[in-house]
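All remarks here apply to the structure that follows.
Number of protein chains: 2
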Amino acid sequence: MGLAAATNDVKSASDGEFRLAVGALRTLTGEDLKKVDQEITHSARSSVGLIPELAGHLAAAGGKRVRPMLTLAAARACGYCGEDHVKLAAAVELIHGATLLHDDVVDGSLLRRGLKTANVIWGNKESVLVGDFIFSRAFELMVAARNLKVLQILSAASGVIAEGEVLQLATQNNLSVTFDTYLAVIESKTAALFAAATHAGAAIAEAPAGVELAFKHYGRELGIAYQLIDDALDYSGFEASLGKRTGDDFREGKMTLPIVYALERADAEERKFWKRTISDGVQRSEDFEEACAILARTNALGDSIACARRYARRAIDELSAAPDNEFTQALVWLAETSVQRVS
Amino acid sequence: MGLAAATNDVKSASDGEFRLAVGALRTLTGEDLKKVDQEITHSARSSVGLIPELAGHLAAAGGKRVRPMLTLAAARACGYCGEDHVKLAAAVELIHGATLLHDDVVDGSLLRRGLKTANVIWGNKESVLVGDFIFSRAFELMVAARNLKVLQILSAASGVIAEGEVLQLATQNNLSVTFDTYLAVIESKTAALFAAATHAGAAIAEAPAGVELAFKHYGRELGIAYQLIDDALDYSGFEASLGKRTGDDFREGKMTLPIVYALERADAEERKFWKRTISDGVQRSEDFEEACAILARTNALGDSIACARRYARRAIDELSAAPDNEFTQALVWLAETSVQRVS
Chain Y
1 MGLAAATNDV KSASDGEFRL AVGALRTLTG EDLKKVDQEI THSARSSVGL IPELAGHLAA
61 AGGKRVRPML TLAAARACGY CGEDHVKLAA AVELIHGATL LHDDVVDGSL LRRGLKTANV
121 IWGNKESVLV GDFIFSRAFE LMVAARNLKV LQILSAASGV IAEGEVLQLA TQNNLSVTFD
181 TYLAVIESKT AALFAAATHA GAAIAEAPAG VELAFKHYGR ELGIAYQLID DALDYSGFEA
241 SLGKRTGDDF REGKMTLPIV YALERADAEE RKFWKRTISD GVQRSEDFEE ACAILARTNA
301 LGDSIACARR YARRAIDELS AAPDNEFTQA LVWLAETSVQ RVS
Chain G
1001 MGLAAATNDV KSASDGEFRL AVGALRTLTG EDLKKVDQEI THSARSSVGL IPELAGHLAA
1061 AGGKRVRPML TLAAARACGY CGEDHVKLAA AVELIHGATL LHDDVVDGSL LRRGLKTANV
1121 IWGNKESVLV GDFIFSRAFE LMVAARNLKV LQILSAASGV IAEGEVLQLA TQNNLSVTFD
1181 TYLAVIESKT AALFAAATHA GAAIAEAPAG VELAFKHYGR ELGIAYQLID DALDYSGFEA
1241 SLGKRTGDDF REGKMTLPIV YALERADAEE RKFWKRTISD GVQRSEDFEE ACAILARTNA
1301 LGDSIACARR YARRAIDELS AAPDNEFTQA LVWLAETSVQ RVS
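Chains as they are written, first to last, in this note's numbering: chain Y, 1 to 343; chain G, 1001 to 1343.
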C-alpha cells in the first residue's frame, strides 16, 4: 500500500466514525463526565494565579477526554452505582494533562490541538512546575476515593509512564531500535494509562477477577492501537485536522514504528538517508516529504496501521469476558473505530 | 549586627553542633535509616539504565537525610513499633529528591553539594522525566504503607510544595514582595514537607490528636527556620562549606528575606541598586559583594537569622505536648542547632 492509499485508509469512508464512537461514549457517560470536568476545574484552584490560568489553557486545548471516559464506562459496565469513579476518572485525566505539559517541554513542541503550547505561552519553568502541581492534585483525588487497590493501580501506572518517557528519550535518534523496544515505549508511555483507566473503573466496581483483568487488558491493547495510529498520523501530513504540526516525530528523531519498519526494509541509499536525518539529526526542508515517500514505497506506514488494527482487534476480543451492556458495546465500538481516526 | 558578625553568629562556636544533632538523630534511627536507604535504592531500579544512574547521582550528592529522619523519629517518639514508617520516610526523601531535580532545571543550577547537578550532566529533559519517575515511586511507596490518613497528609503536601514553587517563580524579580508573601513561599516549598514528614510519623503511630498536631506544627516551624537559614547562607559567602555557589539566589533575582528586609530599609541609592540587580536582572561582577555589604549595613542578614531563631523556638515549644523520650529530645536539639548550621 502506498502513502496515499494508507492515508486514505485512515481517512476512509468511516472517517467520522471514531468521532461518532467518542460521541456515543460521551452521551452514555453524560452526567458523570460533567462531574469529571468540575473535579478537574476544582483541582486547578489556587491562590497562585498562574496555576488556574495555565491549567485552564490545557483544559481549553481540550482533547477528547477519552481516558476519563474509559474509567467511567468501565465502572458502569461493571454495574458500579457509586460516585468515586468520577474522582478516579478526573485523576486519570490530570495525570495525562501533567504528562502533556512535561512532554511539550521535553519535545520543545509549539502547538497542541491548534493552540500554542503552555511552554510557548508561559515558559518551560512554568510548565514543569504547574505539571508537578497537577500531578500532585491527581494523587489527592485518587486518595479521596479511599480505595487502596485502585491507588495501587494508578500509582504504579504513573511510574510506568515516566519510565516510558525516559526510555523514549534514550532511544531517540537511535537507528538500532527494534519493534520490541518501540512496543515497550508505547506500552509504558501510553498504554499503561489506558490500562489503568479501565482497570481502575472495573476495580472500583469490584468486578470479578476475570472481568477486571479483561478491562485492564482491553485498555492496554486499545492504548497500543491508539499510539500506533498517533505515530502513523505524524507522517500523514494533514496538519489542519491534527491541530499540530505533522512531521514533529521526524524532526525530533523519534524512533516510531513507521521508521523502524522502513529501516528494516531500507536499501543502502535509504539507510544513508535515515542515518543523516534521524541518527545525525541533520535535516533539510525537503527531507520530511522524502521520508513520507520512503514510508509509502516500503509500505512502512501501511504496515504500521495494520499493526494498530491487530491491537484494536485484541482489545475487542478481551471484552468478550465483560458483561454485555451498552457501556461495553460503546467500548467495543471505540476500539473498532480507533484505527480510523484522523485526530 | 554587621555581615561579619551575623556570619560569625551562624558560624559560631556551636558551628558543629547542628552536625552533632544530625548525627545523634542518625544514631537513634540507625537501622530504620538503613532500611530507608535500601527502599530508596530499590525504588530507582529500572531496566532503563538512565534512571538508576541519575537517581544514584542524586543519592550520592547525598544530603543529610534530615526529612526521612524526621518521619522515623516522630513515629518512634510516639511509640510506633511497626515497619511502615520506613516506607513513608523513603517516600518523603523521594519527594524531596524529585523536587530538587526539577528545581535545578528551573533555576539552571550548576552545583549541588559540591557535585555537578543532574541537569548539567544528563540534561534538562532527562532531569524532568526522571524527576517524574522518582515522584511516582514516592507515591507507590506511600500506597504500600496502606494507610489512608497518611496518604492524605503526604499527597496534600506534595501539591502544596508545587504550589510554593510556582509562587516563588511568580515572585522572582518582584521588589514588592512582602514578608508575608515570602513566608507563604517558604511555608509551601519547604515547611510543608517538613510538616508532612513529622505529621506522617505521628499519624502512622496513631498518636493522640494533640500529639499528632504538635509533631505537624514542629515540622512546619522547623522547616521555616531551616529555609530562613538556607536563604541567609546564600549571602554568607562560604562556598566550600555549602558545596554550592553562594549568591545563586541573588543572581536569579529571588526575593528572599534578606532582600525583603533590605528593601524595607533602603535609601534612594540602595533602591536603585536593587531595582537594577533584582528587578531588571542587570548584574555586574562586583554586585554580589555590594549586595552583601548592604545586607550587613542594614542588618537585613542579622534580622533574617533572628527570625529563623524565633521559628526554631516555636518548633521546640510545640514539642512540649509530645512524649518526653530520647527521640523527642533529639528533635528538640535538632531545632536548637538548626539555626547554627553552615550547610
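Ideal Cβ positions, reconstructed from N, Cα and C, are used throughout, including at glycine. All values reported here derive from a predicted model rather than from experimental measurement.
Open item on the list: Between Y/Val36 and chain G, is any beta-carbon pair separated by less than 8 Å?
Closed with: Residue numbering aside, residue 36 of chain Y sits at position 36 when the first sequence is read from its first letter. No, Y/Val36 lies away from the interface with chain G (no Cβ there is under 8 Å from its Cβ).
- [ ] Out of G/Tyr1218, G/Val1106, G/Leu1100 and G/Asn1119, point me to the one whose CA is closest to G/Ala1073's CA.
- [x] What you label residue 1073 of chain G is simply residue 73 of the second sequence in a count that begins at 1. Selected option, being the one with the closest Cα: G/Tyr1218.
Task: Residue-chain proximity (Y/Glu227, chain G), Cβ-Cβ < 8 Å - done: Here residue 227 of chain Y is taken as the residue at index 227 of the first sequence, counted from 1. It is worth fixing the name first, because residue 227 of chain Y is Gln in this sequence and not Glu. So no, Y/Gln227 is outside the interface.
Task: Pair within 8 Å by beta-carbon distance, G/Ala1330 and G/Leu1025 - done: If you number the second sequence from 1, residue 1330 of chain G lands on position 330. If you number the second sequence from 1, residue 1025 of chain G lands on position 25. Contact: yes.
TODO: For the alpha helix (DSSP H) holding G/Trp1274, just list the boundary residues, first then last.
DONE: As a working note, residue 1274 of chain G is residue 274 in the second sequence. Note, G/Trp1274: alpha helix (DSSP H), Ala1268 to Trp1274.
Task: Near-chain Y residues of the region 1070-1093 of chain G - C-beta to any C-beta below 7 Å - done: none
- [ ] Could you list the residues in the region 137-157 of chain Y with a C-beta less than 7 Å from some C-beta on chain G, going in chain order?
- [x] Arg137, Phe139, Glu140, Val143, Arg146, Leu148, Leu151, Gln152, Ser155 and Ala156
Task: Beta carbon proximity, Y/Asp132 to chain G, threshold 8 Å - done: In the first sequence, counting from the first residue as 1, residue 132 of chain Y sits at position 132. Yes, Y/Asp132 counts as interfacial toward chain G.
Task: Inter-stretch contact at 8 Å, needing at least 3 Cβ pairs: the region 1142-1158 of chain G / the region 1272-1280 of chain G - done: no
Task: DSSP-derived helix/strand/coil call for G/Lys1254 - done: Translated into the one-based positions of the second sequence, residue 1254 of chain G becomes position 254. Here G/Lys1254 sits in coil by DSSP.
Open item on the list: On the CB-based measure, 16 or more other CB atoms within 10 Å of its CB, does Y/Asn325 come out buried or exposed?
Closed with: As a working mapping, residue 325 of chain Y is identified with position 325 in the first sequence. By the neighbour-count rule (16 or more Cβ atoms within 10 Å), Y/Asn325 is not buried but exposed.
Task: Proximity of G/Leu1228 and G/Leu1257 at Cβ, strictly below 8 Å - done: Here the question's residue 1228 of chain G lines up with position 228 in the second sequence. Here the question's residue 1257 of chain G lines up with position 257 in the second sequence. It is a contact, given that the beta carbons lie within the stated cut-off.
Open item on the list: In the DSSP assignment, the alpha helix (DSSP H) including G/Asp1317 goes from what residue to what residue?
Closed with: Your numbering for residue 1317 of chain G matches position 317 in the second sequence. Unbroken alpha helix (DSSP H) run through G/Asp1317: Ala1300 to Glu1318.
Open item on the list: Any beta carbon of chain G sitting closer than 8 Å to that of Y/Lys125?
Closed with: Taking the first sequence and counting its residues from 1, the one referred to as residue 125 of chain Y is at position 125. It does; some Cβ of chain G falls within 8 Å.
Task: Sub-8 Å separation of G/Thr1071 and G/Gly1201 beta-carbons - done: Mapped onto the second sequence, residue 1071 of chain G falls at position 71. Mapped onto the second sequence, residue 1201 of chain G falls at position 201. Yes, the pair counts as a contact, with Cβ atoms nearer than the cut-off.
Task: Of the residues Y/Lys35, Y/Ser47 and Y/Gly131, the one placed nearest Y/Ala356, counting alpha carbons only - done: This structure leaves residue 356 of chain Y out entirely; chain Y is present only between 1 and 343.
Open item on the list: Which of the three DSSP states is assigned to Y/Ala13 in this structure?
Closed with: As a working mapping, residue 13 of chain Y is identified with position 13 in the first sequence. With a pLDDT of 39 at Y/Ala13, under the threshold of 50, the modelled position of this residue cannot be trusted, and the question is left open.
Task: Y/Arg26 - partner residues in DSSP beta bridges - done: The count along the first sequence starts at 1 and reaches residue 26 of chain Y at position 26. Y/Arg26 pairs with nothing; no bridge assigned.
Task: Alpha-carbon to alpha-carbon, Y/Ile40 and Y/Cys81 - done: Within the first sequence, numbered from 1, the residue matching residue 81 of chain Y stands at position 81. Within the first sequence, numbered from 1, the residue matching residue 40 of chain Y stands at position 40. Looking at the two C-alpha atoms, the distance is approximately 21 Å.
TODO: Using alpha carbons as the reference points, say which of Y/His102, Y/Ala308 and Y/Val160 lies closest to G/Ala1044.
DONE: Taking the second sequence and counting its residues from 1, the one referred to as residue 1044 of chain G is at position 44. G/Ala1044 has its Cα closest to that of Y/Val160, out of Y/His102, Y/Ala308 and Y/Val160.
TODO: Return no unless some Cβ of chain Y is closer than 8 Å to the Cβ of G/Val1332.
DONE: Taking the second sequence and counting its residues from 1, the one referred to as residue 1332 of chain G is at position 332. Not an interface residue.
Open item on the list: Counting only C-beta atoms, is G/His1057 closer than 8 Å to chain Y at any point?
Closed with: Position 57 of the second sequence, counted from the start, is the residue given in the question as residue 1057 of chain G. Cβ-Cβ to chain Y under 8 Å: no for G/His1057.
Open item on the list: What does DSSP give as the partner residue(s) for G/Arg1076 in the beta ladder?
Closed with: Here residue 1076 of chain G is taken as the residue at index 76 of the second sequence, counted from 1. G/Arg1076 pairs with nothing; no bridge assigned.
Task: Short Cβ contact (8 Å threshold) for Y/Lys87 with Y/Ala170 - done: Position 87 of the first sequence, counted from the first residue, corresponds to residue 87 of chain Y. Position 170 of the first sequence, counted from the first residue, corresponds to residue 170 of chain Y. Going by C-beta atoms, Y/Lys87 is not nearer than 8 Å to Y/Ala170.
TODO: Kindly list, in the order they appear in chain Y, the residues whose Cβ is closer than 7 Å to that of G/Leu1050.
DONE: Walking along the second sequence from the start, residue 1050 of chain G turns up at place 50. Correct list: Val166 and Ala170.
Open item on the list: Restricting to runs no shorter than 3 residues, where is the beta strand (DSSP E) found entirely within the region 165-241 of chain Y?
Closed with: none
TODO: State the DSSP-derived secondary structure class of Y/Leu115, mapped to helix, strand or coil.
DONE: In the first sequence, residue 115 of chain Y corresponds to position 115, counting from 1. In the structure shown, Y/Leu115 sits in a strand (DSSP, three-state: E or B).
Task: Bounding residues of the alpha helix (DSSP H) (the contiguous stretch that carries G/Val1332) - done: Residue numbering aside, residue 1332 of chain G sits at position 332 when the second sequence is read from its first letter. That run of the alpha helix (DSSP H) goes Glu1326 to Ser1338.
Open item on the list: On the CB-based measure, 16 or more other CB atoms within 10 Å of its CB, does Y/Asn299 come out buried or exposed?
Closed with: Taking the first residue of the first sequence as 1, we reach residue 299 of chain Y at position 299. With 16 or more Cβ atoms within 10 Å of its Cβ, Y/Asn299 is classed as buried.
Open item on the list: Is there a C-beta anywhere in chain G that falls below 8 Å from the one on Y/Gly159?
Closed with: Numbered from its first residue, the first sequence carries residue 159 of chain Y at position 159. Output row for Y/Gly159: interface = yes.
Task: Whole-angstrom C-beta distance between Y/Ser320 and G/Ser1136, which should lie under 8 Å - done: Position 136 of the second sequence holds residue 1136 of chain G. Position 320 of the first sequence holds residue 320 of chain Y. Going by Cβ atoms, the distance from G/Ser1136 to Y/Ser320 rounds to 33 Å, so no, they are not a contact pair.
- [ ] Closer than 7 Å, Cβ to Cβ, to anything on chain Y: give me those residues from the region 1097-1110 of chain G, in chain order.
- [x] His1102, Val1105 and Val1106
Task: Three-state secondary structure (DSSP) of G/Leu1151 - done: By 1-based counting over the second sequence, the position of residue 1151 of chain G is 151. In the structure shown, G/Leu1151 sits in a helix (DSSP, three-state: H, G or I).
Open item on the list: Less than 6 Å between C-beta atoms, sequence neighbours within five positions excluded: which residues of the same chain meet that for Y/Glu165?
Closed with: What you label residue 165 of chain Y is simply residue 165 of the first sequence in a count that begins at 1. Result list for Y/Glu165: Lys189, in chain order.
Task: Near-chain Y residues of the region 1307-1326 of chain G (beta-carbon distance less than 7 Å), N- to C-terminal order - done: none
Task: Same chain, Cβ closer than 8 Å to Y/Ala240, neighbours up to 5 away in sequence not counted - done: Translated into the one-based positions of the first sequence, residue 240 of chain Y becomes position 240. Unreliable positioning characterises Y/Ala240 in this predicted model, as indicated by a pLDDT of 48, which lies under 50. The coordinate reading is nonetheless provided below. For Y/Ala240, where only same-chain residues beyond five positions count, there are no Cβ hits under 8 Å.
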